[in-house]
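Worksheet for the structure shown next.
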Amino acid sequence: MSYMDVLNLLSTEGQELFLSVKSKGKDVRDIYSQMVNDGKKLADQIREECEGFRKKRLVLIKKMNSVDLPPIEDYLNIQEKLKQEVLMYAEKLKELNQNPPHHEEFQKKVKLFGSTLEKLQELGKNEKVRIPWQVTVCADMDPDKKGEAVTLGGAITDAQGRNLYGDWCDCCGHEIQDGAKGEGDLRWKNLDHHKISICDDCYQNRELVFQKIFRILSLTKFPTQFKLDLLKQNLNQIEEQKVESYKWALSACEKLRNFKSMWAGSLFVAQNNIDVFLRIPLAEVTSLPKAIFVAMSIYKNRPLFGYRDSQKDIYNWVNYDQIFQSTLKIALQLKKLLSFKNQSQIENEQKDLDQELPFVGICMKNRIEWIVSDFALTLSNFPSVCLHYDWGISEMEKIVNHSECSAIICDHHTFPKIIQANKNNSNLKFLILVGSENNENVINTDIKIIRWDNLLKINLPQISSFEKWEKLYINDNQEIKESFDEEKEKNEDKEEKEETQEMEKSTIKKDDKIFSLIYSSGTSGSPKGILLHQGGWLKSNNTPIFITPLVSMSYSPLAHGMDRGIVWTTFLNGGRVGFRSDKPDLVDDLLLLQPSMFVGWPPIWNDLFKRYKGDLKILKEKHINSTVEELKITFHEELEKWETIHKQEEISDITDENSQNGNENEIVKEKEEKKEKKEEIKEEETTETICKKVIQARMHKIFSRSFQLASGGSFISEEALQFMRETFYPAYIVNLYGITEVPGITSNGSWDKNNVEIKLVDVPEMGYISDEKVSRGEIYAKTTTMFKGYFRNPELTKSVITKDGFFISGDIGEIRDGKLYIIDRKSNFIELYYEGKSVWVNTSKIESMMNNSQFFNKLLLFGDRMEAYNIAIVLLKQEIANKLNDLKLNNKDEFIKNVNELKSQIVDQFKVIGQKNNLKEYQIPKGVLFDLDGWTMENGLVTPSSKLRRGKIFQKHMKNVHQEYTLINNLLKSKK
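So in UniProt numbering, spot 789 of the sequence shown is number 789, and the numbers just go up one at a time.
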C-alpha cells in the first residue's frame, strides 16, 4: 500500500497528522545527521590532539632509550604518564559519545515525532486504517532501544573475546587497529593473556630495553625471579668495568617485572591477518564439495598435513595447495574409473537412498593419502565406506559385500587381507594401491590393481572455481569422458549414450547427498552401517575455532568418525594436522608436534594419569627424607615453570570497560580481592605438594601450547578429568558426549538448544525414574546433524529412532543444574531370577568393584535370566596366562588342578569384596571362566576406540558359560 493510498483512506484530520509525521521524521533525521557529523569532527580533533601529545612523549622515550643505560624508573614514569594522558583523551571521547552536539535538540525532535506518531496510530485504529510500518520507523535512530547515547564507534570480537575492530594499547592506552581485517595500525598480542595488546611503538621501545638487558646478562629471555636471585649472587664475580651495567640490568629487571603493562615475561606476536575474517566465505558455504574448494583457496599457502621424519625428528609439512592438486587429480581419475555403473546395479538400489553412484572403500592406516581420498571422493560425489584396517578377513568380507564397494583404496598393509576377503566378490572392480611395495605380483586376483602414483601422473586442466568444476565434472559427466578417454569410439551407439547420461544425473538434493558409510565399533554385536550425508557432515565440522596456531593430531583410526571429524574441522579452520608415526608411544609424537587442540580417548588420559601416579610415587620414595627447602633447590626449574603456568593474576578476568577506560581503582580492587581469595585457599607446602608440582610441570610439556584438550568416545572418571585440569592448565578441558550416529550431543554437560534436543525416558526396571527433585532416565537425543539411518537395515533404524525423530541412545543420564551427566548404560544391566522374581544387576558397577585383583587385568559379568547369579569372564594377568597355557600343552592334569584352585581363590576374593560393599547374594559372581588368548583389536575383541566388544566375548565363551552354570548348580544342589 502506497502513502497516497493511506492518505485517501484517512479523514482530513488523519491526513494532516500523516503529513506531520513525515515532516517531523525528516526533521529528526536531519538533526541526527548534523549531530553525528559534528560529533565526528570533534572526535577527530580530540584524536589529533591526543596523537600529537603521544608522539612528543614517544620521542622522549625513544631519546632515553638511545643511551646505553637509560634511567628505567624515569622511563617507566614517562610511560605511565603517557598512558594516563591518553586515557584522559579517551574519557573525553566517551563523554562526547554520550552527549554529542545538538543532542538536546535531537531528543526534543524525537519526542515530538513520537507523540505525533502515537496520535496518528490511535486515529488509524479508530478509522480502521493500517499505518504502514515504514512510517513508524522513519525517524527511529536507536533500533535497540538502549536510550540516549549515540555511539560513534564499535567493536568486533572473535569466539575467544579478542577485540578485532578497536583495540587499546595496554602500555600507552593508544587506540590501535581501528579497522577490519588488520588494515589499521599494527598491534602486538600477548600469547599468555589474549586480551592484552600493545601498539607497535611501545613494542619496539620494549624490545630495545630488553635487548640491552639480555646482552648485559647473557640471556635469551626475560629471567624468572629465581634466575634473577641467582644472577644477584653472581655480582661479586663480575669484572669491575661491567659492574655498573650489570647492576643496571638487574635493577631494570626488578622494575620491569613490577610494571604490569610491560608484561616482562610474556611473548608478543604481531596480528595482521585474523582468521575470523578469512572464515567469512566458508561460513556462507552450504555444499561440502564447495567447502573444500573455498578452504583450499583461502589457506592456499599454509601447511596442512605433516608426517614425522624419523631420522631428523621433525615434522615435514605439505601445504594446502599441494594437497589440493593431488585431490583434484585423484577426483578426476575416480570419475573416469567409476562413473559408468551398469543399469541392473542401479535398479537394485534402495529407492529411499536415491543412490546412483557407487561406494568406494578406504582401508589404510592414518596417512595423508587417506584424507586426500576422502576429499577426492567428496568432490566426485562418490560415497565412501570407512573400512577399519584391523578388521579380520571374515569381517572385512561381510562389510565389503554389504556395502557393495565398487573400488577400494588401500595400502600394502591391508592389500593382502582385502584380496583374500573378496575372492568371490563380483562387485569389487578396482583396487587402488597406495605405496611402493609390489604385493600384487605375489597374489593372483581378477580384481584390477591400479597404482596411486600412476593416478597422479596427469596434467590438470584449468579449474578456476568450484562452479566450473561442478559444471564440467559433476553435473555433466560427459566432459570427464572426453577429457580422459582418448580411445573412446567416435561412433558410439546413440541409445547407449542416452542411457549412460541418464544414469549420471543426480536425483539427491545438494546437502542431502550421501557422504559416507561408517561402520560402528559393534561393542554389543555386529557392526552397523551408519549413513552420513554431506549437509550434516559440513554442519558438524564447519564450526569456527579461533586458536592460533591451530595444530591437531590424527592418531586413532580415521575409519572412526571422531578422528576424521577432527581432521575436517582443523582443515576448514585453516589449521594443520600431524599424523602419528610408527613409534609405540604416542607421547613421543605429542612432544614433537605440540598440538594446540587434542581430543583423546579416555584410555589415553587414563594412561597418562597412571603414569603421573607412578612417577609421583617414585619421586616421593626417592626423596622421602628430603625437606621442602631441599626439594625447592633440587627442582627449582620445574617449580618455576609450574608457578609461571599457574600464576593467579588472570588478566582475562578484568573487564574490558576497566582496562579500556582506565579505571585503575577498579582494576586494583579486583586484583586485591583475588589476592585475598588466593591467600585463603593457599595450600601448605609439603614434600607431597612439591613432588606433585614437579611431576605436573614435567607432564605439562606434552601439551605445553594446547588451548583445548578434550576427552571423547566413552566414559571418563571425574578423577581423570581433575588430573587433566590440574596438570595441563591453562588448557580448557572438555568432556564430550556423542555417538557415531548422533555426534556432538553435549560439551561438559551443556548442549546447544538450537541444534540439540534431549529428553530422558524412565527405565523403571532399572530404578531410573524422574521425579520433581531430579530427572533421570534413558537419553533420547535429536540433532540437526544426526545420521539418516542404518544402511540396508530399516528394521534396526526403526528400533532406534522414534516417530518424532529422537535417537534412543541406550545411555542412562541425569540432568542436574541444567547439565547432562552420564551415569550408566542400559546394556550394563543383566536380568537374573532370584527367589521367584526378576532382579537387575548393574554389571559396570560390580565390575568396577571386582576389578582390583592380583590375578587378572579385566573382567566381564555374564548373566542368564533363568539363573540366580552371574558368572565372571576374566582376562588373566599375562604371567599367569602364560603359565596355564604351558600346563595346558604339557600337563593337562596339573592344568585342571591349577585352574580349579585359581577359580576358588578368585571366587573367595569376590565374596570378600561383596561383603565389604554390602552386595546382595545374587550380585556376587559365583562362577569364573578364564580367557587365555587376550582381548585385542587383532582378534576382534576390542574396538578401534579401545572398547571391549562384549557381544563377541560372550559369544566366544557361550558354550563354557552354560557348562559353568551346570557345574555350579550341581554343586549347590549337592550341598542342600
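Idealized CB from N, CA, C, for every residue including glycine.
Relative to the Cα of Tyr203, the nearest Cα in the group Ser218, Lys232, Leu231, Phe268 belongs to Phe268. The three-state reading of DSSP puts Glu685 in coil, since its state is none of H, G, I, E or B. Per DSSP, reduced to three states, the secondary structure at Gly306 is strand. Secondary structure of Lys329 (DSSP, three-state): helix. Val372 and Ser326 do touch by the CB rule: their CB atoms are close to 5 Å apart, below 8 Å. When C-alpha distances from Asp446 are compared across Leu431, Asn234, Leu379, the shortest belongs to Leu431. Three or more beta-carbon pairs separated by less than 8 Å are not found between the stretch 27-36 and the stretch 210-224, which leaves the two stretches without contact.
Annotation for His957: Ile873, Leu929 place their beta carbon closer than 6 Å to its own, counting only its chain and skipping 5 residues before and after. Within the stretch 512-586, the complete beta strand (DSSP E) segments of 3 residues or longer fall at 514-519, 529-533, 551-554, 576-579, listed in chain order. Put simply, the backbone Cα of Trp601 is about 7 Å away from that of Ser714. Comparing C-alpha distances from Gly561 to each of Ala407, Asp74, Val599 shows the shortest one belongs to Val599. Look at Asn425 here: in three-state DSSP terms it is coil, with no helix or strand label. Taken in chain order, the complete beta strand (DSSP E) segments of 3 or more residues contained in the stretch 902-934 are 927-931. Here Ala376 is buried, its C-beta having at least 16 other C-beta atoms within 10 Å. Within the model, the alpha-carbon separation for Ile292 versus Gly818 is close to 37 Å. Taking a cut-off of 8 Å for Cβ pairs, the stretch 414-426 and the stretch 384-403 touch, as three or more such pairs fall below it.
Between the stretch 691-698 and the stretch 608-628 there are three or more C-beta pairs closer than 8 Å, enough to call the two in contact.
Taking all protein chains in view, the Cβ of Val360 is crowded by 16 or more other Cβ atoms within 10 Å, so the residue is classified as buried. In this structure, Glu814 lies near Val774, with their beta-carbon atoms less than 8 Å apart. Taking 8 Å as the upper bound for CB-CB distance, Ile72 and Lys212 are not in contact here, some 10 Å apart.
Taking C-beta atoms as the reference points, Thr543 and Thr570 fail to come closer than 8 Å. Lys221 and Trp188 have their C-alpha atoms spaced approximately 18 Å apart. In this structure, the alpha-carbon of Lys693 lies about 33 Å from that of Val209. Bridge pairing for Phe856: Leu876 [DSSP]. Taking 8 Å as the cut-off, the Cβ atoms of Tyr315 and Gly306 count as close.
For the options Asp167, Val28, Lys119, Val907, the alpha carbon positioned closest to that of Glu104 is the one of Val28.
One thing to note: Lys329 has its Cβ no nearer than 8 Å to the Cβ of Leu433.
Contact check for Asn422 against Glu397 passes: the beta carbons are separated by less than 8 Å. Nearest neighbour of Val907 by Cα position, chosen from Pro925, Glu795, Asn917, Ile896, turns out to be Pro925. Straight-line measurement puts the Cα of Gln708 at about 6 Å from the Cα of Ile733. Bridge pairing for Gln708: Met597, Tyr732 [DSSP]. Note on Gln237: under 16 other CB atoms within 10 angstroms of its CB, so exposed under the neighbour-count rule. For Lys826, same chain residues with a beta-carbon under 8 Å away, outside a window of 5 residues either side, are Val763, Met766, Glu778, Gly810, Asp811, Ile812 in chain order. Setting aside the 5 residues that flank it on each side, Asp201 is surrounded in the same chain by Leu58, each with a C-beta closer than 6 Å to its C-beta; the list follows chain order. By the 16-neighbour rule on beta-carbons within 10 angstroms, Ser464 is exposed.
The continuous stretches of beta strand (DSSP E) do not include Cys169, and DSSP gives it neither H nor E.
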